[in-house]
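Taking full-length UniProt numbering, the leading residue of the sequence shown gets 1, the next gets one more, and so forth. Here the structure comes first, spelled out in structure tokens, and everything after it is commentary.
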Amino acid sequence: MQFLPPADAPKGEEGKNYHYTRVRLAWYYRPSDVSDRPVADSRLLLAAIYSEVCDINQLRAKCHVVHRDKISDLSGWKKRPDRFYFNRLFDPYIKKEFEVIPSRDVRNLPDHIREVLISRYEYIVAEKEVIPDLTDHIRLCDNCQKWCPSADTVQCDRCKRFFHMRCVQPPLLAKPTRGYGWTCAPCSRRHEEEVDSHDVRPSSSAAGKAHRSNAPPARGRGRPRKDKTLAEKEENLPVKHFKMWPFRYFGQHTVAEDTLDEEDLIFPRTATRHGPKYQANVPPGPDPYNYPPDLEERGGDNTVEVLGVINSLTESEVEACKKGLTNDPKLRYSVDWLTEVIFRFSDAALAARPLTAVNMKNPNRIQKWKKYETPYTDRPWSHDEVVAFEDAVALHGPELRAAKDEVPNRSMPEVVRFFGHWKNSKLKEENKRLKTSGPPAKPIHRQYRSAAERSDGQRVGLGDDEGSIVAQPSKSPSCGACRTRESPQWWKAPKGLPTNILCETCGTNWRKYADLNVRPIREESLPTSKAKTSEKREGTPPAGPSAKRARSTPPPVVSAAPQVKCFACHKQGPLGKVLRCKKCQFRAHAGCVGAVVGPAKVDEWTCELCENEETMEASINYDCLLCPRSGPEEKKQKPWPPADTFLRACKPTEGQGWTHVICAVFLPELSFTDASRLRLVEGMSTIAKHRWTTKCCLCGEMEGAVVKCSDCYREFHVSCAWKEGHKFGFEIQPVKSSRRDTTITTTFKGESGCMSALISCKMHDHNKRDIYDICETNEGGETALQVYCQAYKQAQVGQAHGLLRKAKRLDALLNLRDPHAHGMQPVQELPTTEPECSKCNTQFSPAFYPVVDLSPTASKETWLCHRCHFEANVEVNGKAMGMMIS
């Protein structure tokens, strides 16, 4: 509408020397933004008599919006980019739509009013039921030959002539009720004569003739196409504006003569709420209420509580009075204290007492409408109350009723008053910071740049694109609308699509037109015979429009299922895919915590720690065995571990302890008894010694087991890396054909290879690597963490049970010598016959160890049970240790 200088530029001629930094924009709405009716045409808009001033750097692009009557070829207009049209207007204040017609079509007006209307405005805004009256031929009263406005006009039902209601004899006080007609006196007399002569015949011509309307006909799609030159000529047709607006309201609530006034408001109006329909008419009479005689009448001087009458004191006198009352400089600028001082000074002045008699020793006062003393200020807030209040404001915003629940010892008025003081204190700190360091610099995309600086052809004002562009999509990206897998740039997609990205074409189409065009199947995906038949006819331009009209889909419908935010990936998902603990409100993807929950029990799911509080199957000390021990101050948090982080996801170990899920997954020595449910972590004793003795580079502690960054030499705890925001994920490396027999391979999202878990420092560049997030899912709904654990973290439960696996790890921990040197062999598969221990004669053992008897008289093989075999090894190692000591 217009370009404007900065807001602080001086007015008048001096302000013209400043560069334009702001712009006033006319506002248009999409029909889907203001109504629930589905609109298939994405180029249709609703005009509005509403403007907004914004920064010139916020301009993204230029578009052309014209009225429907200005377009002769609508289909050709919509094929051109950035072209929109409108035929209705929406008023955002009264929430109502109006018709918009060209001002030249309005004919039922006096000539001087019509000329002014046409000379100033291009369009007229009116209600739909008023349009036929406005576009009809001028209506003159049959008696006085003056113009008949619609409000006080009546039409004869037989001769179709118009009359002023005051010109009719006798004058009409109101129009006929809907469904009834009115006839003038000559027509009524003629009708009576016809009835008396019994010559009445039904007038079929009059009854069958439809009422002719002069309203503009509806535009159809059968208009002839125009050439491009004519289309550009129609686009550049001048449009009349009066005070920057091309239209004004001229509906049923407008007085036609007000149009001549240049200062008359042009906005849509509604009926006034005055009269007996809306106001109560109380008849005069005795007072129905029997008030007690001693009650003071409200509104008098005796019932008014004076807030302040001290308006004659100078500033120095006021400061002197304040110094006489207190020496505390902070108290002198307290709002509550100053309000009470003014009240007491005013009370003393009204009572003709000297101001020196005023003191602030008494913290209470008696108000006029209260019979007891109340403190003029609230009791001080403790540190814990302030912290709880700030946390509630950060979580709920200015919803003070929710903040009051976090501070139960305070009443609602106290919370409201403290909120005002708290905001003022924050504003004070901000003003101090601005005075010392100055205002913060604007981002580069928000800074004003001259034409010379913008001559390099870069786009200005596209700062919001930085958050909408997806810099690193997945390795096999797919557009959520047209399914294409190739695009120079990817955009974020709205919710409800199969994928969360859009290609360049669909992304631009969605941002501009709020429409997603679903592209048909590509030719390269069709069979050879079909691809040949789909070739274009000879003479068709290569970039010409398709013969078939592309089906346009309405904006995606957001799922009605409740969305829950996962604490691991910080993305929302439907309840069931993302689980929420009913006790501690911990939330995570089901595949990342190993939970298998039926649809009927989604609301009843509890996390492992909350479930253990009832069953007591494992230890009640929930500290992770792989992380540094937590201090007593941290354990005061309820619940512990905190429920607002993914570190709440813990799993029991084989020793009845606990460890974080991410610690168990990203330490290579650990495994799960049931990898599908991430249950019972095994292998704590097999973790290498250097992991326990290395200091973490993040927390500086030597407790716990560390892992190494996949891209550098740094070593840290897994939980410390998670808190610091390092990159957690899984990478798939291709496997050579010669190693496929010895390497475990898996497939995720169409990519096959050896999957490895990695943790990388956040200062490394991960854009050039295809790293799958732990919550990223494949076509079957399995997360990357779930696929990795099932392939690489499953313990060998089929070869031996848990006790034997623990015994083997214990043998490795004790570092036992080679049993071959002492007449023993390592454990082998059980023999076909029933074995028996040669030492204790037992036939029951998790494993039997063969004993090699080198004597020539040995007749059969002998065995040792697991216990005797262990005792023999300890005895052998003890003797060896004694020899070393001696």
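Ideal Cβ positions, reconstructed from N, Cα and C, are used throughout, including at glycine.
Roughly how many angstroms separate the alpha carbons of residue i and residue j, rounded to a whole number?
i, j, result
"residue 708", "residue 629", "20 Å"
"residue 785", "residue 49", "55 Å"
"residue 719", "residue 773", "17 Å"
"residue 641", "residue 43", "53 Å"
"residue 13", "residue 58", "27 Å"
"residue 490", "residue 137", "57 Å"
"residue 258", "residue 109", "13 Å"
"residue 805", "residue 395", "48 Å"
"residue 504", "residue 488", "7 Å"
"residue 29", "residue 130", "23 Å"
"residue 160", "residue 482", "59 Å"
"residue 245", "residue 126", "16 Å"
"residue 77", "residue 70", "11 Å"
"residue 599", "residue 865", "49 Å"
"residue 675", "residue 626", "19 Å"
Could you check what DSSP says for residue i in three-state terms: helix, strand or coil?
i, result
"residue 501", "strand"
"residue 129", "coil"
"residue 87", "strand"
"residue 433", "helix"
"residue 311", "coil"
"residue 403", "helix"
"residue 749", "coil"
"residue 375", "strand"
"residue 541", "Since pLDDT at residue 541 reaches only 39, below the 50 mark, its modelled position is unreliable, and no value is offered."
"residue 667", "coil"
"residue 141", "strand"
"residue 63", "coil"
"residue 49", "strand"
"residue 651", "strand"
"residue 33", "helix"
"residue 692", "helix"
"residue 155", "strand"
"residue 96", "strand"
"residue 4", "strand"
"residue 840", "coil"
Considering only the beta carbon of each residue, do residue i and residue j sit closer than 8 Å?
i, j, result
"residue 755", "residue 713", "no"
"residue 474", "residue 485", "no"
"residue 597", "residue 605", "yes"
"residue 55", "residue 24", "no"
"residue 711", "residue 761", "yes"
"residue 648", "residue 609", "yes"
"residue 347", "residue 377", "no"
"residue 850", "residue 863", "yes"
"residue 90", "residue 100", "no"
"residue 736", "residue 778", "no"
"residue 662", "residue 728", "yes"
"residue 722", "residue 844", "no"
"residue 726", "residue 759", "yes"
Based on the DSSP output, what are the partners of residue i in its beta bridges?
i, result
"residue 757", "730"
"residue 580", "587"
"residue 421", "Paired residue(s): none; residue 421 is not in a bridge."
"residue 469", "491"
"residue 624", "658"
"residue 565", "572"
"residue 102", "123"
"residue 711", "Beta-bridge pairing links residue 711 to no other residue."
"residue 81", "DSSP lists no partner for residue 81."
"residue 26", "51"
"residue 601", "According to DSSP, which records beta bridges pairwise, residue 601 is partnered with nothing at all."
Use the C-beta contact count for residue i: other C-beta atoms within 10 angstroms, 16 or more gives buried, fewer gives exposed.
i, result
"residue 821", "Note that residue 821 has pLDDT 40, beneath the 50 cutoff, so the model's placement of it is unreliable and the number below is only indicative. Exposed."
"residue 585", "exposed"
"residue 523", "Reliability fails at residue 523, whose pLDDT of 37 lies under 50, so the model's placement of it is uncertain and no value is given."
"residue 398", "exposed"
"residue 351", "exposed"
"residue 144", "exposed"
"residue 63", "exposed"
Examine the ligand GTP and report whether any of its heavy atoms sits within less than 7 Å of the Cβ of residue i.
i, result
"residue 435", "This structure simply doesn't include the ligand GTP, nor any ligand for that matter."
Compare the C-beta of residue i against all C-beta atoms of chain D and say whether one is closer than 8 Å.
i, result
"residue 88", "Looking at the structure shown, chain D is missing, and only one protein chain is on hand."
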